[in-house]
Amino acid sequence: MTEKKRIGDILVELGFIDKDQLKIALAESKKTGIMLGEVLLRLNWISEEQLQMAIAIQSGAKILDLNRVNPDPDVIKIVPKEIALKHEIFPFEKEDNTLKIATANPFDVLTKDKIARITGCKVETYLAPKDWIRKMNRIYYQTAESIDQQIEDITQLYELSGIEESRIIKLSELIIEKGYILGASDIHVVPDANLLRIFYRIDGVLRQEYIFSKKLHQPLVTRFKIMADIDISNPNVPHDGRIRYKGDLGEFDIRVSTFPSHFGEIVVMRLLIYSSIVGNLEELGFEKEDLRRFLKNIKRPYGLILTTGPTGSGKTTTLYSALMAINRPEINIMTIEDPIEFLIPSIRQSSVNPKANFTFANALRAAMRQDPDVILVGEIRDMETAELAIRASITGHLVLSTLHTNDAASAINRLLDIGVSPITLASSLVMIVAQRLVRKVCKDCMKKRPISDEEIEIFRKQGLEPPEELPQAVGCEKCGNSGYKGRTGVYEVIEVDDEIEELIRRNPSRSAIEKAAVKNGTELLFKQGLKKVLRGITTLEEVLRVIPGA
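Position 41 of the sequence shown, counting from 1, maps to 148 under my numbering, and the rest follow consecutively.
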């Protein structure tokens with residue numbers, strides 16, 4: 108019998124990775140216990156399609172065409188929810204006595220046999236991405252409505268018979284799971300005088316989802332703090348912690364922050380879902396030419412690259428995605444963050460700790476002694492950090508960092524205002540990216556409406572031909588009646604050319620930099636947003652909300 112080839116060897120033979128990458132990934136897999144394919148995906152060294160191709164070659168399984176799948180709800184009922192979620196399979200079709208299931212692991216014959224015994228059907232397996240299977244199971248098994256019913260049952264029992272620890276544990280898990288299913292980035296647990304309110308931030312907007320009795324406040328807060336390994340004895344000062352959630356929906360991290368208020372502790376939990384934090388640069392929302400310029404500059408051996416925008420504008424996603432795009436075994440990438448959003452294999456990440464005097468500046472100073480090629484500095488907050496970052500970028504390192512400014516041009520003025528030398532800044536700065544996140548209009552309920560005279564003028568002022576009709580957000584069940592579903596980035600990219608470099612040396616105004624950048628091919632944020640309206644991606648109202656005063 109011919110010995111089955113290992114998945115890593117197949118990937119090398121197909122030319123998807125080289126032997127050095129395989130060696131590093133195997134070591135990471137052995138250290139963490141994560142499957143080799145998952146490690147390679149997290150490293151962004153292969154795509155899901157490439158992994159599937161290799162598994163198909165190894166197993167002889169058929170690859171499921173996701174575009175042609177039309178799940179039958181009656182078929183899904185054949186396989187118990189517990190089995191589907193536990194073994195991460197998704198039943199989608201039944202033909203005569205053959206049940207077709209999607210799986211990411213075609214070698215799991217025990218699960219295949221178990222399903223055959225339970226259903227009495229012959230089971231045929233098809234290869235599909237794990238994320239897609241989880242998504243289908245969430246939609247068809249673990250619906251938001253079922254969670255609502257469970258939460259209502261628990262709170263009613265609480266009113267009747269009081270606190271039971273098991274109920275609080277279950278309620279806390281359901282609140283997190285509802286956030287995951289809704290695609291929330293944050294969960295807010297907020298007490299007032301008589302009630303406890305639960306909010307979810309969905310597509311950048313807070314939405315109140317539940318109102319509970321105030322009696323549930325302390326038990327729930329205590330439970331979340333225990334899960335996050337936070338001291339429960341001192342509610343009068345802010346605390347930070349982290350939860351590693353493990354459940355039917357998979358595994359992910361949650362960053363937890365508490366804050367004392369007049370009515371009790373507020374808890375805010377940020378869901379750190381890998382797929383929402385680390386993305387493919389091509390899918391973030393860059394215009395084609397801006398993406399080309401961005402990719403060119405993040406592959407430079409040295410220089411300073413800045414991303415700017417308010418909190419929640421997607422800067423972390425852009426920076427992480429940039430790191431993944433250049434991550435290679437031969438490159439030493441280091442990060443200094445506050446805090447670490449997500450652990451990325453093979454990248455050397457650290458978190459600042461001001462109490463231990465491990466500030467951005469001190470951490471950057473120490474990182475420079477670690478022979479780095481690329482350094483990500485979470486934020487430039489002061490003169491010392493700015494000078495060190497610029498010095499690193501001039502002495503043969505690529506430095507990525509962020510600033511809180513409204514647009515790209517203002518980043519230059521901000522650095523000059525805190526005391527950075529115009530000459531050193533001009534010598535080091537290679538690119539600035541300003542960004543915002545806009546909600547995408549829901550395709551299931553979007554309608555068109557006539558454009559007004561005032562709106563026509565908005566497009567014409569930006570040199571754009573106005574359409575006859577504009578996308579309108581309506582609202583339906585699939586988008587939570589918001590009219591929007593998902594978000595995309597709006598980017599303003601300034602590439603520092605000779606003219607801008609010379610301007611920086613003369614301590615220029617923001618408008619002078621902006622004018623030179625536009626001459627060099629930069630399209631400003633507002634115009635970029637309007638172009639997404641023209642393509643039916645978002646609405647004019649949303650662009651005006653996110654990029655005001657344009």
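Positions of the beta carbon are idealized from the N, C-alpha and C atoms, including for glycine.
Judged by beta-carbon spacing, LEU411 lies beyond the 8 Å limit of SER279, meaning their Cβ atoms are not closer than that value.
A straight-line Cα-Cα distance of about 37 Å links PHE199 and VAL363. Counted as a single uninterrupted DSSP element, the beta strand (DSSP E) harbouring VAL597 occupies residues 591-602.
Of the residues LYS277, MET431 and GLY371, the one whose Cα lies closest to the Cα of LEU303 is GLY371. If you check the CB distance, PRO213 and SER166 come in under 8 Å. Within the region 556-586, complete alpha helix (DSSP H) segments of at least 4 residues are found at 560-568, given in chain order. For the pair PRO408 and ASP127, the CB atoms are not nearer than the 8 Å cut-off.
At the C-beta level, GLN542 and GLY421 come within 8 Å of one another. Ranked by Cα distance from GLU575, the options VAL640, GLU266 and LEU327 are led by VAL640. In the displayed model, LYS201 falls within a strand according to three-state DSSP. ILE318 and SER268 have their C-alpha atoms roughly 19 Å apart. The Cβ atoms of ILE114 and ILE170 lie no closer than 8 Å to each other.
LEU577 and ASP605 have their C-alpha atoms roughly 40 Å apart.
For LYS332, same chain residues with a beta-carbon under 6 Å away, outside a window of 5 residues either side, are ILE339 in chain order.
If you draw a straight line from the Cα of ILE222 to the Cα of THR232, it is about 11 Å long. Out of ASN387, ILE337, LYS112 and PHE393, the CA that lies nearest to the CA of PHE366 is found in ILE337.
Counting only runs that start and end inside the region 471-523, the alpha helix (DSSP H) elements of at least 4 residues fall at 490-501.
Here the region 292-310 does not lie against the region 387-400, with fewer than 3 beta-carbon pairs under 8 Å apart. Apart from the 5 residues on each side of it in sequence, VAL230 sits with its Cβ closer than 7 Å to the Cβ of LEU206, ILE208, LYS219, ILE222 and ALA223 in its chain, given in chain order. For HIS346, the enclosing beta strand (DSSP E) starts and ends at 346-354.
Note on geometry: alpha-carbon atoms of MET441 and VAL597 lie some 27 Å from one another.
Looking from the CA of LEU192, the closest CA among ASP524, ALA211 and ASP255 belongs to ALA211. By the neighbour-count criterion, in which a residue is buried when 16 or more other Cβ atoms sit within 10 angstroms of its Cβ, ARG149 is buried. Its chain contains LEU173 as the residues whose beta carbon lies nearer than 7 Å to that of TRP239, once the 5 sequence neighbours on both sides are disregarded; these appear in chain order. Rounded to the nearest whole angstrom, the C-alpha separation of GLU195 and PRO452 is 24 Å.
When DSSP states are grouped into helix, strand and coil, MET441 belongs to the strand group.
In the structure shown, the three-state DSSP call for ILE451 is coil. In chain order, GLY582 place their CB closer than 6 Å to the CB of ASN588, counting only its own chain and leaving out the 5 sequence neighbours on each side. Under the rule that a run must span 3 or more residues, the beta strand (DSSP E) segments found entirely inside the region 205-244 read 205-210 and 229-234. Taking all protein chains shown into account, LEU483 has 16 or more neighbouring C-beta atoms within 10 Å of its C-beta and is therefore buried. By the Cβ test, the region 524-537 is not in contact with the region 555-564, since fewer than three Cβ pairs between them sit closer than 8 Å. Short of 7 Å from the beta carbon of ALA493, and not among the five residues preceding or following it, lie these beta carbons of its own chain, in chain order: ILE487, LEU522, ILE525 and VAL527.
CYS228 has its alpha-carbon roughly 5 Å from the corresponding atom of ASN204.
Here TYR248 carries a coil assignment [DSSP, helix/strand/coil]. CA-CA distance, ILE309 to MET538, rounds to 31 Å. Only residues of its own chain outside the window of five on either side were considered, and among them GLN456 and SER458 have a CB closer than 7 Å to the CB of ILE447, listed in chain order.
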